[in-house]
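Those letters in the sequence shown? Residues 7 to 455, by our numbering.
Virtual Cβ for every residue (Gly too), placed ideally from N, Cα, C.
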Amino acid sequence: MMSDQPNARPLRDACRTGKDHVRPSPADLPVAVPFRPKEDASMTSSLRTARRGPGGPVALTDETAALPAAAAGSWADGGTLPLAGFWGQPDTSAVLLNNGKVLLAGGEDGRRNALNSAMLFDAGSSTWTPTGSLQTGRRLHAVAKLDDGRVLVSGGVAGALAAPATGIATAEIYNPDTGTWSPAAPMRTARFSHSATVLPGGKVLVAGGCAVRSGDSHRALRSAEIYDPATDQWTELAPMTDGRFGHPAVYLPTVKKVLVAGGVITAGRGQYAALGYCELFDPVTGTWTPTGSLAAPRKAHQATVLADGTVLVTGGDIPGVLLDWTIQPYSQWTCERFNPATGTWSRDTDLPWGLSHHRVVKLSSGKLVVIGGTDDGTFDIGYQTVAAYDPASKVWTPAADLKTGRWAPAVALLAGDKVLVAGGVTRSGSAAPVIGESLCSETAEVFTP
């Protein structure tokens with residue numbers, strides 16, 4: 007299924023130049039010099055895009071984009087994980103604990119088998135050590151750090167790769183003081199690729215996800231429930247307006263609501279599509295309300311709450327023909343910003359290239375770091391390239407390349423504004439050394455801005 011299969015071919019900012027493409031005013035959206043995902047040592051690359059008008063022939067445009075000479079920051083070795091793996095949507099797998107260590111639990115190997123391992127990263131020594139194993143190995147699960155410092159994992163897919171992938175309802179809690187996991191009450195609905203959002207007051211909102219529809223198909227879930235750590239109980243909530251899975255969900259402090267944006271819907275046996283619909287959850291009333299829709303439906307994208315309370319959505323998969331008749335078989339380069347006060351989305355500065363299954367980390371300065379990723383046209387390689395975004399000026403600039411290109415890694419913000427990146431897929435599909443098995447990394451890196 008698409009949520010399990012990320013893809014890769016670079017599509018850069020310079021690709022969008024046809025006269026049929028409507029761009030925002032340059033005065034509103036300053037654009038940095040375009041640069042591209044790093045796949046080789048060459049400094050320039052011929053960029054190619056296919057376009058079609060209503061009933062018209064396909065036209066091809068070639069252009070050249072140059073890499074800027076300087077890139078900010080640097081990457082250092084972050085040690086070796088006890089085993090290689092990756093973490094698909096949702097991507098909240100790595101958790102910074104109150105003791106300063108980072109917990110990474112579950113995930114999957116290159117054959118899509120669920121992992122029960124859990125490990126800790128010590129930033130002081132850049133080393134990884136095993137900690138208590140999960141009682142149930144799981145992938146595509148949701149992770150949430152509770153107010154008391156413990157960590158809740160819920161749902162996911164257990165065991166070896168099987169078709170159709172079947173969600174589980176079990177949940178468990180990690181205690182950093184003892185390094186062990188204990189059972190939590192199971193969710194009311196088995197699900198995977200769902201979201202888990204910690205609310206003010208400490209409760210955890212779980213929404214959407216994927217479940218088995220029949221012996222050969224899946225369905226996107228509308229259901230939602232809330233977990234109370236004080237009572238170890240789940241309470242069923244009113245369902246979302248639209249079923250979805252693999253979606254980002256973020257708490258909006260300015261309006262005290264949770265935004266879910268885009269995601270994946272099922273369209274048939276083995277058929278999945280990106281969703282543009284968004285909605286808001288009100289913790290006070292326990293209800294969902296539709297809000298403004300994304301201009302470009304997205305899955306495998308990222309949503310980040312900025313310092314001013316707005317939300318920036320970056321990248322994602324979106325196969326098909328867009329409203330301007332652009333043929334778009336690859337990952338998204340466009341970005342959109344959500345204004346909670348008006349409930350509307352507006353176009354923001356484009357990414358320097360299209361990508362999905364990337365990761366975004368917000369620094370204490372309010373700037374964003376966009377790391378790695380791939381392209382949904384081929385899902386074959388992980389990008390080394392990293393970009394930085396300044397929300398105030400709406401400008402993207404290059405940052406130092408990863409030592410190892412990767413998509414679907416785990417990430418965490420460390421003390422001192424350093425960023426940990428661990429694991430992820432380096433080669434898959436036709437680029438994988440073994441057919442049917444993605445090559446995952448067991449390396450980690452630490453970025454210093």
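Sequence-distant residues of the same chain with beta carbon closer than 7 Å to residue i, five excluded per side
| i | result |
| --- | --- |
| Gly292 | Leu243, Ala244 |
| Ala313 | Gly372, Pro397 |
| Lys263 | Leu286, Phe287, Asp288 |
| Thr172 | Val163, Val218 |
Neighbour-count burial assignment, residue i, 16 or more Cβ in a 10 Å radius
| i | result |
| --- | --- |
| Pro136 | exposed |
| Gln390 | buried |
| Val101 | buried |
| Gln277 | exposed |
| Ile441 | exposed |
| Ser399 | exposed |
| Ser123 | buried |
| Thr203 | buried |
| Pro358 | buried |
| Ser337 | buried |
| Ala164 | buried |
| Gly422 | exposed |
Per-residue DSSP class, three states only, for residue i
| i | result |
| --- | --- |
| Asp128 | strand |
| Asp396 | strand |
| Asp423 | helix |
| Ser52 | Summary for Ser52: the model assigns pLDDT 25, below 50, so the residue's position carries little reliability; its value from the coordinates is reported in the next sentence. Ser52 falls in the strand class under three-state DSSP. |
| Ala76 | coil |
| Ala406 | coil |
| Gly274 | strand |
| Gly292 | coil |
| Pro36 | Note on Pro36: pLDDT 34, under 50, position unreliable in the model; the coordinate value appears next. Pro36 falls in the coil class under three-state DSSP. |
| Gly372 | coil |
| Ala438 | coil |
| Arg250 | coil |
| Arg58 | Confidence at Arg58 is low in this model, with a pLDDT of 25, below 50, so its placement is unreliable and the value that follows should be read with caution. Arg58 falls in the strand class under three-state DSSP. |
| Trp413 | strand |
| Gln308 | strand |
| Lys44 | In this predicted model, Lys44 has a pLDDT of only 46, less than 50, meaning its place in the structure is not dependable; the value taken from the coordinates is given anyway. Residue state, collapsed to three classes: coil. |
| Pro136 | strand |
| Thr384 | coil |
| Gly113 | coil |
| Glu448 | coil |
| Tyr456 | Here the chain has residues from 7 to 455 only, and residue 456 is not among them. |
| Ile324 | coil |
| Leu265 | strand |
| Lys107 | coil |
| Thr98 | coil |
| Trp81 | strand |
| Arg365 | strand |
| Gly298 | coil |
| Trp93 | coil |
| Thr432 | strand |
| Ala313 | coil |
Other residues of its chain near residue i: CB distance less than 8 Å, five sequence neighbours each side excluded
| i | result |
| --- | --- |
| Ala78 | Ala394, Thr403, Pro404, Ala405, Ala406, Pro455 |
| Thr260 | Gly315, Pro346, Ala347 |
| Ala75 | Unreliable placement is indicated for Ala75, whose pLDDT of 44 sits below 50; the coordinate value is still reported in the next sentence. Result list for Ala75: empty, nothing under 8 Å. |
| Arg433 | Asp386, Ile387, Gly388, Pro439, Ser444, Leu445 |
Sequence-distant residues of its chain with Cβ nearer than 6 Å to residue i (five each side left out)
| i | result |
| --- | --- |
| Leu420 | Ala129, Leu426 |
| Ala309 | Pro254, Val256, Ala267, Val317, Val319 |
| Thr247 | Glu285, Trp294, Pro296 |
| Asp97 | none |
| His147 | Gly112, Val159, Gly161, Gly162 |
| Val367 | Val375, Val417, Leu419, Val425 |
| Tyr233 | Val210, Trp240 |
| Arg343 | Thr316, Leu318, Ser352, Asp354 |
| Asp153 | Gly208 |
| Ser229 | Thr195, Pro245 |
| Leu281 | Arg250, Gly268, Gly269, Ile271, Pro303 |
Neighbour flag for residue i against chain D, beta carbons, 8 Å
| i | result |
| --- | --- |
| Asp183 | Looking at the structure shown, chain D is missing, and only one protein chain is on hand. |
- Task: Output the residue ranges of the beta strand (DSSP E) runs that lie fully inside the segment 158 to 238 and measure 3 residues or longer, sorted by chain position.
- Result: 177 to 181, 186 to 190, 201 to 204, 210 to 213, 216 to 220, 223 to 226, 230 to 234
- Tell me the start and end of each unbroken beta strand (DSSP E) in the segment 331 to 362 that is at least 3 residues and wholly inside, in chain order. 341 to 345, 350 to 354
- Task: State whether the segment 112 to 119 contacts the segment 208 to 225, with contact taken as three or more CB pairs (one from each stretch) at a distance under 8 Å.
- Result: no
- Query: Is the segment 190 to 208 close to the segment 228 to 238, with three or more CB pairs under 8 Å?
  - Reply: yes
- Message: Three Cβ pairs or more, each shorter than 8 Å: is that satisfied between the segment 223 to 234 and the segment 301 to 310?
- Response: no
- Query: Are the segment 350 to 364 and the segment 381 to 394 touching by the rule of at least three beta carbon pairs closer than 8 Å?
  - Reply: yes
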